[in-house]
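The sequence shown begins at 115 in the numbering used here and counts up by one. Even for Gly, the Cβ is constructed at its ideal location relative to N, Cα and C. Okay, so here's the structure we're looking at.
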Amino acid sequence: MTRLRWSTSGESHGPELVAILEGIPAGLPLLAADVDGDLARRQRGYGRGGRMRIETDRAQLVTGVRGGETLGSPIALVIANRDHANWAGRMGPDPFPSRPEALTRPRPGHADLAGGLKYDRHDLRDILERASARETAARVAVGAVCRKLLAELGVEIFAHVVAIGPVSVTPSDLPLDELRARSRASDLACADDVAELAMRAAILETAHAGDTLGGTFEVVATGVPPGLGSHVQWDRKLDGLLAQALMSIHAIKAVEIGIGFEVSRRRGSEVHDAIGYDAVARTFTRPTNRAGGLEGGITNGMPVVCRAAMKPIATLKRALPSVDVVTKEPFAAAFERSDVCAVAAASVVGEAMVAITLAGALLEKTGGDSLGEVRRNLDGIRRQNAEY
Ligand code: EPS
115 MTRLRWSTSG ESHGPELVAI LEGIPAGLPL LAADVDGDLA RRQRGYGRGG
165 RMRIETDRAQ LVTGVRGGET LGSPIALVIA NRDHANWAGR MGPDPFPSRP
215 EALTRPRPGH ADLAGGLKYD RHDLRDILER ASARETAARV AVGAVCRKLL
265 AELGVEIFAH VVAIGPVSVT PSDLPLDELR ARSRASDLAC ADDVAELAMR
315 AAILETAHAG DTLGGTFEVV ATGVPPGLGS HVQWDRKLDG LLAQALMSIH
365 AIKAVEIGIG FEVSRRRGSE VHDAIGYDAV ARTFTRPTNR AGGLEGGITN
415 GMPVVCRAAM KPIATLKRAL PSVDVVTKEP FAAAFERSDV CAVAAASVVG
465 EAMVAITLAG ALLEKTGGDS LGEVRRNLDG IRRQNAEY
């Protein structure tokens, strides 16, 4: 059984989002404030729509924490949907006083039609409420707890946006600390000032055209010990688990590890990372990290580097042709509100998904029911690696 189990619950305009996370060891210092910083970062980003002016996401730690420390029991987190107040009579578990108008017009690119067919619902709100990327707030809350645990064990995670629409950053060899500081200071989570200006212009122009823009973000994890994941079985390969975790984020259509698709265009000598040894630090070294910290589905001690590509948001002001699911007539789509670009927000969700995946892999390696036990076991693993 995996060491870490979690799931989320909640509809976009329902009363609240809920997450339960089980497997975090006892004794981890944890406050709601540790979660709120990441929730606030997820709400930021040039190009977001009106909804983010309504919400101010805050986590309530409901269970599994006592006096500021985890107990080892399941942790429940709750985030209120402030917008729920505007949905009286249309959302919530109780029967409605009168039947709300059904939403019967599926948006191409959304889960609306596929979900409506699967669950046999003709009011497509029954699908889109859960399919909404609002759910990612709950993932970020779970990820923040995992990030806290990882930080105690020397693992740090950050993301930065590397492309929005046609605009890409200029590749740089900035130290990772600098990359992190710059992306944190940027409204688009982009470390390249010049590219960021062009990205903002592209978003503005796209908004004026009634359209939306996607992009790519990169997640980097440092301090990851070698030996997480395994080559011995398909579902224990950590690169596969990371790919699934990132691909499961709303609107993500492609994931790369290390140099990703580029491996198929280069010769072997320009893909694989040579191995060296630092006798002082008693550790193996690599001059390059094209593998993104993973070989054979196992971490090799280099930073773990993953990229995810997000498609443009499917709710378009100038909508694509579609068909009403009841009348089967084509219609000109109705439009309420939407984000133009949410790649910066998605990058924070990417950090969360990587944090959750790495925390699970690390706990599987170390075992341990208390933070002290996890620490001791990890120290033992580090000693073993040094003596190898
Ligand atoms: C979303 C549509 C928009 C976004 C929402 C995701 O919400 P609404 O339909 O209320 O305008 O704002 O994102 C969030 C609410 C969030 O917290 O990120 C969608 O359809 O996926």
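Residue burial classification, residue i (beta-carbon count within 10 angstroms, cutoff 16)
i: R156; result: buried
i: T177; result: exposed
i: M115; result: For M115, the predicted structure reports a pLDDT of 47, less than 50, and the residue's modelled location is therefore unreliable. A value from the coordinates is still provided. Looking at its Cβ environment, which holds fewer than 16 other Cβ atoms inside 10 Å, M115 is exposed.
i: P207; result: exposed
i: T184; result: buried
i: I389; result: exposed
i: V394; result: exposed
i: G328; result: buried
i: T284; result: exposed
i: E332; result: buried
Pick from the options that is closest to residue i, judged by C-alpha positions
i: T480; options: G494, I470, M467 and V468; result: G494
i: F272; options: E465, A475, L492 and L476; result: E465
i: E384; options: M467, P401, G415 and M361; result: P401
i: F445; options: M205, G382 and P222; result: P222
i: V149; options: N499, A140, A202 and L263; result: L263
i: T122; options: S484, A255, D234 and S378; result: A255
i: V179; options: N200, L145, G163 and A154; result: L145
i: M361; options: M467, P139 and W201; result: M467
i: D483; options: F375, R253 and G141; result: G141
i: T326; options: Y233, Q174 and M313; result: M313
i: E443; options: G182, S378 and P220; result: P220
i: R490; options: P139, L118, S126 and R117; result: P139
i: G151; options: G161, L430, A173 and R162; result: A173
i: G163; options: A459, R451, E478 and R496; result: R451
i: V276; options: I189, A458, E478 and V463; result: A458
i: F375; options: E409, R350 and R421; result: R421
C-beta contact flag for residue i and residue j at 7 Å
i: V454; j: T320; result: yes
i: H345; j: I427; result: no
i: V269; j: G337; result: yes
i: A368; j: A423; result: yes
i: H364; j: A247; result: yes
i: G507; j: V419; result: Since the first residue shown for the chain is 115 and the last is 502, residue 507 is missing from the structure and cannot be characterised.
i: W201; j: H127; result: yes
i: L342; j: L476; result: yes
i: S297; j: E310; result: no
i: P129; j: H198; result: yes
i: Y160; j: I278; result: no
i: R117; j: G486; result: no
i: T244; j: E125; result: The question names Thr, yet the displayed sequence has Arg at residue 244. Closer than 7 Å, so yes.
i: G186; j: A469; result: no
Closer than 6 Å: residue i CB and nearest the ligand FAD heavy atom
i: S344; result: This structure simply doesn't include the ligand FAD; it includes the ligand EPS instead.
With a threshold of 8 Å, are at least 3 pairs of Cβ atoms found where one atom belongs to the region 238-245 and the other to the region 202-220?
yes
For the region 163-176 against the region 289-296, are there 3 or more C-beta pairs whose distance is under 8 Å?
no
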